[in-house]
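Reading through the structure tokens given below for one structure.
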Amino acid sequence: MSKPLITTVDLSVHFTIGKGIFAKQILKAVDGVSLSIEQGSFFGLVGESGSGKTTLGRALLKAAPISEGSARYEDEDVSLDLGSLEGAALKDYRKRAQLIFQDPYAALSPRMTVRDIIAEPLEVMGLTKTRAETDARVREIAEKCRLNLEHLRRFPHAFSGGQRQRISIARALVCGPQFIVADESVAALDVSIQADVLNLLKEIQNEMGLTFLFISHDLSVVAHTCDHVAVMYLGRLVETAPTRELFAEPRHPYTRALFSAIPSLDPDDRGSAQKLEGEIPSPTNQPSGCKFHTRCPHVIDRCRSQEPELEKSGGEHAVACHRWKELLAVPA
Ligand SMILES: Nc1ncnc2c1ncn2[C@@H]1O[C@H](COP(=O)(O)OP(=O)(O)O)[C@@H](O)[C@H]1O
Ligand SMILES: [Mg+2]
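Per the numbering used here, the sequence shown starts with residue 3, numbered consecutively.
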């Protein structure tokens, strides 16, 4: 087993919202998350919109404030406590940890050439000394991202969504990071192009030995890409497991509901897809006990009063549900 690159213990991100005559409220976007992302892994984070995935990813990049708990980054050279990171050490961390944006249309400045877009982080961080050095690095990374070198002189509007996403990926990789947060990086693309971009990310990960936190609301995308999956609901992790184990036996009722929302390929199975009922509750007014209890088909009194911990449930599989064992006998 390799070493963890990212480790969090009870990590929370709370926002204070409301101003003026409206009472201030605490919004717990991320609430007590403990996880470990091994070096070289492609770690998936799934959950409905509003579950806190983006905020967790941003906290790990020091782009959202850590309110409670801790997060560490540890590679061959450095061991960093992200909570207290500042000044030169924070600048250094920005080279090691990068974000690939969700929307390749919004992320790229229309007035810059592709070359300048990819080169900008190198220049901002002062990683290259001469223009020739910058150009060489840009060409190297563009080739890795399967961009045509001819295209470096053009502007981003000339490109399709898939090509734009390659440009964003090249920009994120140009500083030589170890850790990449890919937040819904294929959600805005046509299904036919999604697979291309996913393959590219996987190839790059293998070639460069990178570690990915791959955020997606779509469990079927995660299935084909990730080696580990964490399922998030209302700021908390409800289940984590190696992908194969999670898919073989989803244990949390929420995970099972996400699975049954995936359209089945089995023509005889069409009727069994049960939709997830209701909406995710407001994070400023969270349910007591298990946060999923308001939507769970298996709720009992205990679930309303006592919050289940995320506990090891055999091997590397962990689940936060009072009833997971007895529910194994119940068809999803
Ligand atoms: N900067 C912020 N200030 C206040 N609330 C925020 C902020 N960022 C995110 N939130 C809230 O945190 C919750 C989780 O959001 P987010 O992390 O974007 O979830 P996801 O990526 O899973 O859709 C949402 O209720 C969102 O409105
Ligand atoms: Mg998001």
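Glycine included, C-beta positions come from ideal geometry on N, C-alpha and C.
How many Å lie between residue i and residue j at the Cα?
{"i": "Ser81", "j": "His300", "result": "43 Å"}
{"i": "Gly128", "j": "Ala90", "result": "13 Å"}
{"i": "Pro123", "j": "Val332", "result": "52 Å"}
{"i": "Asp94", "j": "Ile171", "result": "20 Å"}
{"i": "Val321", "j": "Pro6", "result": "20 Å"}
{"i": "Glu328", "j": "Arg113", "result": "59 Å"}
{"i": "Arg166", "j": "Gln196", "result": "12 Å"}
{"i": "Ala144", "j": "Leu154", "result": "8 Å"}
{"i": "Asn150", "j": "Ala189", "result": "24 Å"}
{"i": "Asn287", "j": "Ser53", "result": "14 Å"}
{"i": "Val193", "j": "Gly163", "result": "11 Å"}
{"i": "Leu175", "j": "Pro283", "result": "37 Å"}
{"i": "Ile206", "j": "Ala108", "result": "23 Å"}
{"i": "His16", "j": "Val32", "result": "7 Å"}
{"i": "Trp326", "j": "Glu40", "result": "26 Å"}
{"i": "Asn201", "j": "Lys97", "result": "24 Å"}
With DSSP as the reference, please indicate the residues paired to residue i in a beta bridge.
{"i": "Pro244", "result": "His230"}
{"i": "Leu47", "result": "Ile217 and Ala232"}
{"i": "Ser14", "result": "Glu70"}
{"i": "Ile182", "result": "Gln100 and Phe214"}
{"i": "Pro252", "result": "BP columns for Pro252 are empty, so no partner."}
{"i": "Ala320", "result": "Thr242 and Lys314"}
{"i": "Val336", "result": "Any property of residue 336 remains undetermined from this structure, which presents the chain solely from 3 to 334."}
Given a threshold of 16 other Cβ atoms within 10 Å of its Cβ, counted over all protein chains shown, does residue i qualify as buried or as exposed?
{"i": "Ser274", "result": "Low per-residue confidence applies at Ser274: pLDDT is 48, beneath 50, and the placement is therefore not dependable enough to give any value."}
{"i": "Pro158", "result": "buried"}
{"i": "Thr227", "result": "buried"}
{"i": "Asp79", "result": "exposed"}
{"i": "Gly316", "result": "exposed"}
{"i": "Thr18", "result": "exposed"}
{"i": "Ile23", "result": "exposed"}
{"i": "Gln180", "result": "buried"}
{"i": "Ala134", "result": "exposed"}
{"i": "Gly20", "result": "exposed"}
{"i": "Pro285", "result": "buried"}
{"i": "Gln27", "result": "exposed"}
{"i": "Ile264", "result": "exposed"}
{"i": "Leu110", "result": "buried"}
{"i": "Ser218", "result": "buried"}
{"i": "Glu313", "result": "exposed"}
{"i": "Lys131", "result": "exposed"}
Can you tell me the Cβ-Cβ gap for residue i and residue j, rounded? I've got them flagged as a contact below 8 Å.
{"i": "His319", "j": "Ala243", "result": "4 Å"}
{"i": "Val140", "j": "Ala121", "result": "5 Å"}
{"i": "Leu239", "j": "Val233", "result": "7 Å"}
{"i": "Leu37", "j": "Thr57", "result": "The Cβ separation is near 14 Å, so there is no contact."}
{"i": "Ala73", "j": "Gly85", "result": "6 Å"}
{"i": "Val126", "j": "Ile169", "result": "Rounded, the Cβ-Cβ distance is 17 Å, inconsistent with contact."}
{"i": "Val35", "j": "Leu13", "result": "5 Å"}
{"i": "Leu221", "j": "Leu260", "result": "5 Å"}
State whether the stretch 98-113 contacts the stretch 176-190, with contact taken as three or more CB pairs (one from each stretch) at a distance under 8 Å. yes
Should the stretch 43-50 be called in touch with the stretch 61-68, which here means at least 3 C-beta pairs below 8 Å? no
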